[in-house]
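Okay, so the sequence shown: first residue is 6 according to my numbering, each after it adds one.
The C-beta atom is built at its ideal place from N, Cα and C for all residues, glycine as well.
One structure is given here, and the rest of the page talks about it.
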Amino acid sequence: MTRTAALLGASLLALAMPAVTWAQSAPAPITVPPLEYSHRELANGLDVYAMPDPTAGTVTVQVWYDVGGKDDPQGRSGFAHLFEHILSRKTVNLPYGQIATLVENAGGTRNASTSQDMTNYYETVPPQYLETMLWTHAERMARPVVDQAVFDAERSIVKEELRQRVYAPPYGRFGTFVIGDNTFDESVYRRSVIGSIEELDSAVIEDARAFHEAYYRPATATLIVAGNFDQAQLDAWVDQYFGDIENPARPVPVMTRPVESPRTQPRQVEAYAPNVPLPAVAAIYPGVKASDPDAAALEVLSAIMSRGDSSRLYQALVYESQLASNASLGSSTLEEDGSVVVSATVAQGKSIADVEAALNAQLDRIRNAPVTEAELAEAKTEIVSSELRQRETASGRAFILGRALVDEGDPRAPDANLVAIQAVTAADVQRVARRYLDEQARVSIRYQDESARPAGASEDSWKNPAPMPTFVTVPPAILPANELLPEGQRMAPPAPGEVRTVAAPQIVERTLSNGMRLIVAKSTDLPIVNAQLVIGGGAAADPTERPGLATMTAALASQGAGDRTAPEIARTLEALGANIGGGAGADATTLFLSAPIASADAAGAVLADVVMRPTFAEDEVARSRTQAVNGLRVNLRQPGPLASLVLGRLAYGAAPYGAPSSGTPDSLQGLTRDEIAAFHARWWRPDNAAMIVTGGMTPDQAVAFAERTLGNWTRPAEALPVVANRAGTPTPPRVVVIDLPGAGQAAVAAAVRGPRRADPAFYPLSVVNSIIGGGSNGRLFQEVRAKRGLSYGAYSSLATRVDGGLLSATTQTKNESAAEVVALVLAEFDRLRTEPVSETDVTNRETWLTGSFSRATETTGGLGGVLAEAVTNGLPLSEVEAYPDRIRATTPETVTQAAQAVSADGAYVVVVGQSAMFIDALRAAHPDVVVIPAADLDLNSPTLGL
């Protein structure tokens, strides 16, 4: 075996490009620390990368396999993704679902993903579980069980995932099928990674066994470990668990790559789908692979065209002309090829032709004239600052490394690419625009609602006319199939090791002279800062007839403030590598500023204007109102978001919590500039606000930053406003169906009223919630997905509110199984009331909750969010330390006691979908069910218009 010296590569990198820096208009350059790693290769070909970080509170274990959607066998599109699901489930020593159980019982999290070029599996756990996770990956590599039960269950789940991701959202087909099928012609990337229901249904278990034997082996895998661990111990465990795994003797199947003919004439595609509220258009051009020298210039071009509110497409199509509700240009680079996709969603009342003409004008502009030096510098700064943020955590750095190894086969590529970005010139941008945005190679797409389909137009009018390539045929498996060993013969997972303690961030609190509360916690050594401003009130402060007012006020604050217009604010922030955003939750409005420390003061000056001196110009009010309404039109055609809006009204009725925080099309249309300005004057004041600063600043630096930024914010003389009775009197439970014709899936949501976040009852109910639907070990996930394959996921959550939240269960399923899923959800609401729960089960769920909390506090944004929640709900800052102990104080008895608040009889239930496909079965169980056609639904009314 060979080893690259642990830090030699990084040290040489630092010498060659001493911490990558960019000169800019800000007072100091942005510095991105290079990736640090060691590498060795085992005798069996397994590549091992180690990225130790003794300051991390977790360790991330990732295995990346060199197999993806492009390797799907002939007639089996979606198979690599299907096998990703299969491999995560069962081995000779681990029963079905046990991997997820091990991870969550350790307080960790896990997932997997498949792209065209790779499949990866990853966990983040406390450091003492590193050996356990390595063992589970070795089990999956060498000893997976692929039996009929696993195959059938996972295929059903993947079909539900396809329905949820592609068929249910209005634009799911647009991105996955229409754009996906027309991006490449004779290419290994022609098919979608998720495949089709028809080809998934045609697969058999022998295909799955052959696929594993063909592609899953040490020589096609890369192991990446990042976080808090001992290098020598890691090496020993890797040798122990992976060193003896043999590669199959047969070579990996390789498809003969088709020779793709360059497109020499443009093509027009017309596509139609159900529930498309606003038409969309797209243009597809051939691009480059990730390792191509032009990839950097195309990334800069993409940033100039569509990254941020100062980008050309946003300014021309969304902001100035208001022709589109969104517009983007993206360069997608894969291992072997790439594409450039330009797209826009047509705004309400605007024409497709006008949007296409505006897009074409911007494409002509980037081809025909050099970009400005200011645009070039801004794009580079945005790219660099984004990369800086991604490198904050060990997990983030591991994903950057893994992606580089897949795309370019080079662990040094991420740092080299940043240098390449810096070297891009205006001439380079114009050159790649002319070369790749070739109108003769363009595929133009129009995507409209099914109602616009002309008579006689085929269902598959969107399909690429180029012949589909013939893909590889995988040889049959020749090894005997693995089986789960009898319980007494199974190898037990390694026990957890020694706990590696990490110092908790020190929290410092001050009060500025104007009454504003300041909370500081240094959370990283990276030169970034995250400032959150929490303002009391939130959407609960909206007047009854004006839901959405708090949200609109927050959105408009950055659309012109002080002496800067909205475009000037966007240009200033993006040139600094900073961003400002926020919105209104139920109980507070939260603004955030994220910036490199080098840019913090300049970005803070913008934040000061946004907070203290927003202009709320009439034209900006009209523009933001139109954009918000367009966004709502999309959400009101999606089963999941629509179910959530209806559930809030059912549970809270006319109380402040009942109205949609986003507003409704009617309420937003009625908002005036004076109402917005009055809301700002009433609620946005320093004695009703707290600033939370996390990131790389020391407490003294953060205090000085806060004083410079908001120390001059004047406190008004008027008394603080209050919102009374936010949750209102509980409304009677009921079952409501929203009939959404053409819905590709049904959304199911159910809820009961819960306690205030500050109520001690919140903690045992949190454990109850985690048993019902927390993660993949929650009972909802197990009953709905794991056992029956009825959904891609089923979960519950306990909302944190000042005045009583909801314990809510949500899932999506095919329309035909909606009634069955409702019954399963409500059965879990009742189960804990009478069925005792063991001490072990309670402990496992407590560990999952405290582990999730610990991971949240490990990041700059996460720690800020935890502190913001404490501020919003009137909790002491000691909650950061007290929360785990209060969760761990729960017992089986207190779980049973808390579960009495959760019942099927007391639940509000909403189902959104094609009601004709499930209403009879649902009505048999719930005779009082009410059906509301989506077109008649009135979210302005506390009774939904009934």
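> How close, in whole Å, do the beta carbons of residue 397 and residue 489 come, if the pair is a contact with beta carbons under 8 Å?
Replying inline: Going by Cβ atoms, the distance from residue 397 to residue 489 rounds to 40 Å, so no, they are not a contact pair.
> From this set, 667, 639, 866 and 947, which residue's C-alpha is nearest residue 733's C-alpha?
Replying inline: 947
> Okay, do the stretch 181-195 and the stretch 261-271 touch, 3+ Cβ pairs below 8 Å being the bar?
Replying inline: yes
> The alpha helix (DSSP H) spanning residue 556 covers which residue range?
Replying inline: 554-562
> At which residues does the beta strand (DSSP E) containing residue 184 begin and terminate?
Replying inline: Counting along the chain, residue 184 falls outside any beta strand (DSSP E), and DSSP gives it neither H nor E.
> Between the C-alpha atoms of residue 183 and residue 229, what's the straight-line distance to the nearest angstrom?
Replying inline: 35 Å
> How is residue 189 classed by DSSP in three states: helix, strand or coil?
Replying inline: coil
>> Only counting the same chain, and skipping five residues up and downstream in sequence, which positions put a Cβ closer than 7 Å to that of residue 88?
In response: 213, 216 and 217
> What first and last residue would you give for the alpha helix (DSSP H) that runs through residue 242?
Replying inline: 236-247
>> According to DSSP, simplified to helix, strand and coil, what is residue 95?
In response: coil
> So residue 777 is in the alpha helix (DSSP H); what residue range does that whole segment cover?
Replying inline: 767-778
> Just curious, the beta strand (DSSP E) that residue 953 is in, first and last residue?
Replying inline: Nothing can be reported for residue 953: it is not among the residues displayed for the chain, which extend from 6 to 951.
> Going by the beta-carbon positions, is the gap between residue 753 and residue 816 smaller than 7 Å?
Replying inline: yes
>> Could you check if residue 948 belongs to the surroundings of the ligand FMN, using beta carbon to heavy atom distance under 6 Å?
In response: Looking at this structure, you won't find the ligand FMN or any other ligand, since it has none at all.
> Is there contact between the stretch 275-284 and the stretch 300-313, where contact requires at least three CB pairs shorter than 8 Å?
Replying inline: no
> For residue 901, which residues from the same chain have a beta carbon less than 8 Å from its beta carbon, with the 5 sequence-adjacent residues on both sides left out?
Replying inline: 837, 838, 841 and 842
> How many whole angstroms separate the CB atoms of residue 68 and residue 226, which I take to be in contact at a CB cut-off of 8 Å?
Replying inline: 6 Å
> In angstroms, rounded to a whole number, what distance separates the CA positions of residue 896 and residue 887?
Replying inline: 17 Å
>> Taking DSSP's pairing of strands, which residues face residue 56 in a bridge?
In response: 231
> Expressed to the nearest angstrom, what Euclidean distance is found between the alpha-carbon atoms of residue 610 and residue 714?
Replying inline: 6 Å
> Are residue 391 and residue 794 closer than 7 Å when you measure CB to CB?
Replying inline: no
> Should the stretch 106-123 be called in touch with the stretch 516-525, which here means at least 3 C-beta pairs below 8 Å?
Replying inline: no
> Shortest alpha-carbon distance to residue 506 belongs to which of 233, 49 and 219?
Replying inline: 233
> If we count the other Cβ atoms within 10 Å of its Cβ and call it buried at 16 or more, is residue 412 buried or exposed?
Replying inline: buried
> Would you say residue 838 reaches chain B, if we count a Cβ-Cβ gap shorter than 7 Å as a contact?
Replying inline: Looking at the structure shown, chain B is missing, and only one protein chain is on hand.
> For residue 270, which beta-bridge partners are listed by DSSP?
Replying inline: Beta-bridge pairing links residue 270 to no other residue.
> Going by DSSP, what residues sit across from residue 454 in a beta bridge?
Replying inline: 278
> My guess is that residue 320 and residue 510 are in contact by the Cβ rule of under 8 Å, so how many angstroms apart are they, rounded?
Replying inline: Contact flag wrong, Cβ pair sits at about 39 Å.
> Any idea if residue 883 is buried or exposed, counting beta-carbon neighbours within 10 angstroms, 16 or more meaning buried?
Replying inline: exposed
>> So, with DSSP's three-state summary, where would you put residue 103?
In response: helix
> Got a sec? Which residues, its chain only, sit under 8 Å from residue 12 by beta carbon, not counting five neighbours each side?
Replying inline: Caution applies to residue 12, whose pLDDT of 33 falls short of 50 and renders its modelled position unreliable; the model cannot decide the point.
> Does the distance from the CB of residue 731 to the CB of residue 446 come in under 7 Å?
Replying inline: no
> Can you name the start and end residues of the alpha helix (DSSP H) that residue 938 belongs to?
Replying inline: Note, residue 938: premise wrong, no alpha helix (DSSP H); beta strand (DSSP E) at 935-938.
> Alpha carbon to alpha carbon, how far is residue 561 from residue 684?
Replying inline: 12 Å
> Is the beta carbon of residue 346 sitting closer than 7 Å to the one on residue 289?
Replying inline: yes
>> Rounded to whole angstroms, what is the Cα-Cα separation between residue 198 and residue 687?
In response: 51 Å
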